[in-house]
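Structure, as structure tokens:
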Amino acid sequence: MPKSLRAGRWVNPGSLNSIDPKLQVRFFQHYRKELEPHGVFIGDGIDDAAVRRVMCGEVSGLSVELVDRIGVIDEMSTGGNHQLLLDEAKRLGLDIAPTPSTADLVVLLLLDGTESLERIYAERLPIARRLFRSHFALTADPPTISGVADHVLKGYEDGLEKDFVGRRRGSGVRVFHFPTPAGFRQMIRRADVAHRDVSVDPVTGGRQHIIFHPERFDVLIYEHGQGEMQVNAKHDADVRAYLEHVGHHLFSQSQLFLAEGLPAKYTLKPILEKGQACLRCDDVPELEAVWLRGLDWAHPKAVDLVERPRSKSDLFRAMTDAGRGIPRGIKLMSATFNVVFRTGREGQLRIVLPNNAVYSRESDSEVILRWLGLRGFLQDRGKATDGLTRALVAAS
Numbered sequence: 181m182p183k184s185l186r187a188g189r190w191v192n193p194g195s196l197n198s199i200d201p202k203l204q205v206r207f208f209q210h211y212r213k214e215l216e217p218h219g220v221f222i223g224d225g226i227d228d229a230a231v232r233r234v235m236c237g238e239v240s241g242l243s244v245e246l247v248d249r250i251g252v253i254d255e256m257s258t259g260g261n262h263q264l265l266l267d268e269a270k271r272l273g274l275d276i277a278p279t280p281s282t283a284d285l286v287v288l289l290l291l292d293g294t295e296s297l298e299r300i301y302a303e304r305l306p307i308a309r310r311l312f313r314s315h316f317a318l319t320a321d322p323p324t325i326s327g328v329a330d331h332v333l334k335g336y337e338d339g340l341e342k343d344f345v346g347r348r349r350g351s352g353v354r355v356f357h358f359p360t361p362a363g364f365r366q367m368i369r370r371a372d373v374a375h376r377d378v379s380v381d382p383v384t385g386g387r388q389h390i391i392f393h394p395e396r397f398d399v400l401i402y403e404h405g406q407g408e409m410q411v412n413a414k415h416d417a418d419v420r421a422y423l424e425h426v427g428h429h430l431f432s433q434s435q436l437f438l439a440e441g442l443p444a445k446y447t448l449k450p451i452l453e454k455g456q457a458c459l460r461c462d463d464v465p466e467l468e469a470v471w472l473r474g475l476d477w478a479h480p481k482a483v484d485l486v487e488r489p490r491s492k493s494d495l496f497r498a499m500t501d502a503g504r505g506i507p508r509g510i511k512l513m514s515a516t517f518n519v520v521f522r523t524g525r526e527g528q529l530r531i532v533l534p535n536n537a538v539y540s541r542e543s544d545s546e547v548i549l550r551w552l553g554l555r556g557f558l559q560d561r562g563k564a565t566d567g568l569t570r571a572l573v574a575a576s
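Count along the sequence shown from 1, add 180, and you get the number used in the working numbering.
Written out as structure tokens, the structure reads:
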């Protein structure tokens with residue numbers, strides 16, 4: 181699709197849960213030749229476990245088109261898009277099920293109304309976002325680890341299971357561990373906390389209370405060069421649990437990523453010191469342009485402020501046109517950037533100091549982190565951890 185970027189090798193398997201099984205089969209049939217060797221097809225149906233392996237990145241060599249379209253399904257299958265997609269499917273006269281999910285409509289348009297979906301995708305920046313929190317290993321020599329023995333992984337799963345069940349935060353933990361050249365990635369599937377809702381029978385109108393545990397996927401990414409663990413999870417307590425257990429079971433140091441006074445990964449000083457020059461991206465081949473969309477700052481003698489241009493333009497340019505600048509003496513707290521890739525797709529990045537980054541797509545992180553490093557938005561690991569490391573040594 182012209183307005184999208186490859187989703188990479190890492191896509192949330194939960195994005196297919198709400199697609200009608202018949203539509204799933206029809207979608208994957210278009211890629212049968214490349215998927216059949218991986219055991220995706222069983223008779224007239226598909227093997228869920230094999231599909232998860234494909235989406236979690238265990239299978240290499242998939243076509244760009246397949247990976248891209250799975251990413252589009254993941255991004256567009258939000259409730260906010262439902263009516264727009266439904267109206268378009270009706271306009272095209274497509275065969276719509278009586279009660280289609282948003283994901284059903286996305287797949288239906290992918291199959292039978294591709295041009296319409298491309299237009300909608302280009303007009304609406306996908307709503308889905310992933311927040312990653314960064315935690316440094318507080319050691320002068322970050323551990324190198326990639327593959328993990330089966331018995332270690334089992335102990336890790338059991339430890340997480342006991343933790344989540346004990347806190348009544350879910351159960352059924354399964355860890356999918358994938359070595360990478362820089363370290364490893366983990367996708368952790370579990371049942372989330374119980375959810376109560378009302379189901380209405382579309383024929384009789386009868387109501388029935390149901391209790392279920394939604395399937396949830398959290399993500400951990402370890403990069404041993406910086407000794408950095410990135411975590412995507414919903415609650416602070418869950419983040420802490422992942423850090424404690426991955427430290428204990430994989431690194432034999434439960435507190436490795438859990439020091440008090442978290443060192444900062446990001447800095448927004450280039451915005452104040454370099455101005456619009458901090459947005460240049462000509463040295464990153466994958467990027468066409470970057471512009472600043474918004475700032476949040478605090479001022480000791482004024483109220484906190486959120487600055488956003490009214491139109492879809494660069495904040496530096498908007499402030500210049502208005503005869504204004506960023507005030508002196510402020511403390512920047514967050515910044516939002518729009519990123520245009522050379523494929524034509526637009527993404528968004530939000531940096532929230534000291535350690536949080538929110539990406540439009542998880543797979544954008546590699547390119548965007550490279551750009552952040554070149555422009556000076558990333559703290560040097562030695563400086564970021566030096567004070568805490570010295571404090572830990574002094575207390576030991």
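Every residue, glycine too, gets a C-beta built ideally from N, C-alpha and C.
- Contact between V399 and N412 holds, since their C-beta atoms are separated by about 4 Å, short of 8 Å.
- Taking a 10 Å sphere around the C-beta of S257, we find 16 or more other C-beta atoms and assign the residue as buried.
- Following the DSSP letters along the chain, one finds D416 inside the alpha helix (DSSP H) bounded by residues D416 to F431.
- DSSP links M367 through a beta bridge to F356 and V399.
- In the DSSP assignment, K445 falls outside any alpha helix (DSSP H) and carries neither an H nor an E.
- According to the DSSP assignment, Y539 belongs to the beta strand (DSSP E) that extends over N536 to Y539.
- Beta-bridge partners of M409 (DSSP): H315 and Y402.
- In chain order, L442, A444, K445 and Y446 place their CB closer than 7 Å to the CB of P534, counting only its own chain and leaving out the 5 sequence neighbours on each side.
- L533: not part of any beta strand (DSSP E); DSSP gives it neither H nor E.
- Put simply, of P465, I506 and D476 the residue whose alpha carbon is nearest the alpha carbon of E546 is P465.
- In the assembly as shown, V380 is an exposed residue. Its beta-carbon has fewer than 16 other beta-carbons within 10 Å.
- A check of alpha carbon separations from L430 across P450, Y402, E453 and K454 identifies Y402 as the nearest.
- DSSP places L436 outside any alpha helix (DSSP H), giving it a letter other than H or E.
- By the Cβ criterion, the region 521 to 539 is in contact with the region 465 to 479, since at least three pairs of Cβ atoms, one from each stretch, lie closer than 8 Å.
- For F521, the secondary structure class from DSSP, reduced to helix, strand or coil, is strand.
- Counting only runs of 4+ residues, the alpha helix (DSSP H) found wholly inside the region 495 to 519 occupies 495 to 501, in chain order.
- The Cβ atoms of V205 and I222 lie no closer than 7 Å to each other.
- When only Cα atoms are considered, N518 and P450 end up about 16 Å apart.
- Our two residues, S514 and Y539, have alpha carbons roughly 14 Å apart in a direct line.
- Here DSSP, grouped into helix, strand and coil, assigns D377 to strand.
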